Amino acid sequence: MADHAFIHRAPAEARAVELPLLSGEFPAGLRGTLLRNGPGIQQAGSTPVHFLDGYAMVAGARFEDGRVIYNARHVDLPLARAEQAAGRLVGRRPFTNRPGGALANLGRMSLRTGAAHEVYVWGGSVVASDVDGHYLLDPITLDTRGPAPINAIGGGLSQLCAMPRFDPHSGHLVAYVMTPGMLGSDTVTVVEYDGGWVERARVKRSLGVKGAVLHDLCATANHYLLVQFGLLDVPRAALGGCVVLDAVGLPPGAARILAVPRRGDGPIRELPLPDGHQSFHIANAWEADGQLVVDTTIYDGMLDFDPLNPPGLGRGGPKPGASREPGGPFLCRHTLDLVSGAHQAVVHREAGGEAPSVREDLGGRRHRYAWVSAQGTPGDEPVRNAYYWYHGLAKLDCDAGRTASLWDAGPRVHVTAPQFAPRGTAEDDGWVLAWTHDAASGRGELVVLDAAEPARGPVARFGLPAPLPPASHVTWMPA
Ligand SMILES: [Fe+2]
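The opening residue of the sequence shown carries number 27 in the numbering used here; numbering runs sequentially from there.
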């Protein structure tokens with residue numbers, strides 16, 4: 027079996043398993059839980075689905091009193107129950123069509139939350155975004171408690187934000203819902219929740235286009251930043267002849283960062299990406315001296331998700347109009363002069379990586395470093411730009427626009443996106459943690475590295491009872 031095929035294996039659940047220390051020492055002072063969300067079961071009844079359309083599996087490793095306790099649970103999703111009972115895929119997914127050709131998918135549009143994606147902590151629960159909404163989980167056992175209140179802000183054809191973010195400025199959770207315009211433009215509604223899931227702010231704006239597809243967000247003192255990664259050809263997607271994500275294109279101006287004013291009724295400011303480039307994630311953003319600065323990750327070309335299909339599914343060739351393997355991802359720093367409106371986007375090709383993590387207490391504030399999933403030495407994967415099968419992690423110096431320190435685990439070890447966990451007050455004083463998979467042994471591990479110098483390799487490695495497929499995103503829940 028090819029090494030990269032491990033991503034399609036359904037992971038095993040686990041309850042309160044103490045992980046053995048394989049090498050190094052327990053990181054003194056590290057207390058909290060590393061969480062992972064990503065695809066779990068990639069089969070709806072007898073229908074195989076694209077990697078990113080699998081039902082969510084959340085895993086957590088809790089560091090406490092010199093030991094690590096591991097739990098892994100499939101999210102108890104009503105849609106999964108219905109589809110397993112039906113024995114087939116019932117709902118069309120963003121990356122997978124229902125069997126039966128175009129007719130079986132005609133008029134069915136689903137971009138609800140995209141895919142099994144983010145995990146975050148809010149209101150006393152761990153929250154997982156899944157294929158049809160967000161679900162609350164017990165923070166210790168990871169058992170599903172039920173749907174999250176955030177699901178109420180959108181319905182029907184709306185896109186619910188897959189990646190809500192904590193905003194240290196307000197102390198609120200920030201999320202959005204994008205509602206397609208039937209006659210006019212699409213609209214976005216940004217909502218803030220307090221710790222009890224009570225809505226505390228709401229801003230609604232027209233996006234001036236139809237077919238906007240959004241992903242990550244961030245909040246600065248005065249703006250919400252939203253990433254638009256392309257434009258959906260709605261009629262083409264609705265006809266059902268291709269999967270929905272294949273109907274996303276990158277005409278000039280389609281990929282941009284939207285800066286939505288948090289207060290008042292000022293217009294949305296646009297930070298366009300260089301033509302032909304695509305972006306999904308924001309490392310961080312801040313405002314200082316009349317400037318808005320946004321650090322994103324960016325591809326030189328349009329990302330093709332087809333290689334993440336299991337064998338026998340998908341179109342098997344390049345997406346029309348897209349490179350099979352665009353350049354990147356790289357760091358891109360946007361600077362917008364809030365007075366003159368002058369905008370600059372600088373792509374830093376010496377700073378490669380995706381799925382960035384920064385210190386949470388610097389969210390929306392000036393930062394220098396980001397920790398990213400880095401390609402490392404390629405293995406046998408068919409394309410190199412999907413971070414799900416990357417082989418390393420890196421510390422980026424975003425001010426210098428370069429990789430400051432890279433841990434390359436080698437071509438047969440897959441490394442998830444890293445997560446920063448703080449120790450002291452200096453920006454890079456802490457650990458970065460990630461989940462790994464060793465194709466040679468078939469073993470899954472949890473690794474801890476020094477955030478200041480990941481290149482030194484793991485300071486501790488813990489063995490998992492069973493391998494985990496790659497994560498969509500990871501997060502840190504302090505004790
Ligand atoms: Fe994401």
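C-beta atoms are modelled at their ideal positions from N, C-alpha and C, and glycine is treated no differently.
Since this is a predicted model, take the numbers as computed values, not measurements.
For this session: For R228, count neighbouring Cβ atoms within 10 angstroms of its own Cβ and tell me buried if that reaches 16, exposed if not.
Result: A residue is called buried when at least 16 other Cβ atoms come within 10 angstroms of its Cβ; R228 does not meet this threshold and is exposed.
Exercise. Could you give the residue range of the beta strand (DSSP E) that holds R231?
Worked result: Where R231 is concerned, the enclosing beta strand (DSSP E) stretches over 225-232.
Exercise. The beta strand (DSSP E) with R41 in it runs from where to where?
Worked result: From DSSP, the beta strand (DSSP E) with R41 extends over 40-44.
Exercise. Does the Cβ of M189 lie closer than 6 Å to at least one heavy atom of ligand 1?
Worked result: Result yes, Cβ under 6 Å from ligand 1.
Problem set entry | Touching by the beta-carbon criterion (3+ pairs, under 8 Å), the region 57-65 and the region 126-137 | Using a Cβ-Cβ distance cut-off of 8 Å, the region 57-65 and the region 126-137 are not in contact, since fewer than three pairs of beta carbons, one from each stretch, lie closer than that value.
For this session: Answer yes or no: do A98 and E39 have a C-beta to C-beta separation smaller than 7 Å?
Result: In this structure, A98 sits near E39, with a CB-CB distance shorter than 7 Å.
For this session: Whole angstroms is fine: what's the gap from Q69's alpha carbon to A314's?
Result: Cα atoms of Q69 and A314: separation of roughly 48 Å, rounded to the nearest angstrom.
Problem set entry | Cβ separation of G80 and A174, assumed to be a contact under 8 Å, to the nearest whole Å | Contact doesn't hold; Cβ gap of about 19 Å is too wide.
Exercise. Can you name, in chain order, every residue of its own chain whose Cβ lies under 6 Å from the Cβ of R124, other than the five neighbours on each side?
Worked result: Leaving aside the five residues that flank R124 on each side, the residues in its chain whose CB is nearer than 6 Å to its CB run, in chain order, L115, R118, A130, N131.
Exercise. Can you pull the DSSP bridge partners for H198?
Worked result: H198 pairs with D193.
For this session: Could you confirm whether any beta carbon from chain B is found closer than 7 Å to the beta carbon of L129?
Result: Although the question refers to chain B, the structure presented lacks it and comprises just one protein chain.
For this session: Provide the residue(s) that pair with S431 in DSSP beta bridges, ordered along the chain.
Result: According to DSSP, which records beta bridges pairwise, S431 is partnered with K421.
For this session: Answer yes if the region 174-188 comes into contact with the region 239-247, meaning at least three C-beta pairs across the two stretches below 8 Å, and no otherwise.
Result: Touching, yes, given that three or more Cβ pairs across the two stretches are closer than 8 Å.
For this session: Would you grab the beta carbon distance between P493 and P74 for me? Rounded to a whole angstrom, and I think it's under 8 Å.
Result: Rounded, the Cβ-Cβ distance is 19 Å, inconsistent with contact.
For this session: With DSSP collapsed to three states, give me the class of I176.
Result: Here I176 sits in helix by DSSP.
For this session: Sort out for me which residues DSSP pairs E471 with in a bridge.
Result: For E471, DSSP records a beta bridge to T462, G489.
Exercise. Closest to M208 by CA distance: which of K236, S399, G197 is it?
Worked result: Closest option to M208, Cα to Cα, is K236.
For this session: Have a look at A111 and G71 and give me their C-alpha separation to the nearest angstrom.
Result: For A111 and G71, the distance between alpha carbons rounds to 7 Å.
Exercise. Residues bridged to A447 by DSSP?
Worked result: DSSP, once it has assigned bridges, lists W457 as partnering A447.
For this session: Could you tell me if I179 is buried or exposed, where buried requires 16 or more neighbouring beta carbons within 10 angstroms of its beta carbon?
Result: Answer is buried; the Cβ neighbour count reaches 16.
Exercise. For the candidate residues G92, S232, A82, F121, whose alpha-carbon lies nearest to that of L162?
Worked result: Looking at G92, S232, A82, F121, the one whose alpha-carbon comes closest to that of L162 is A82.
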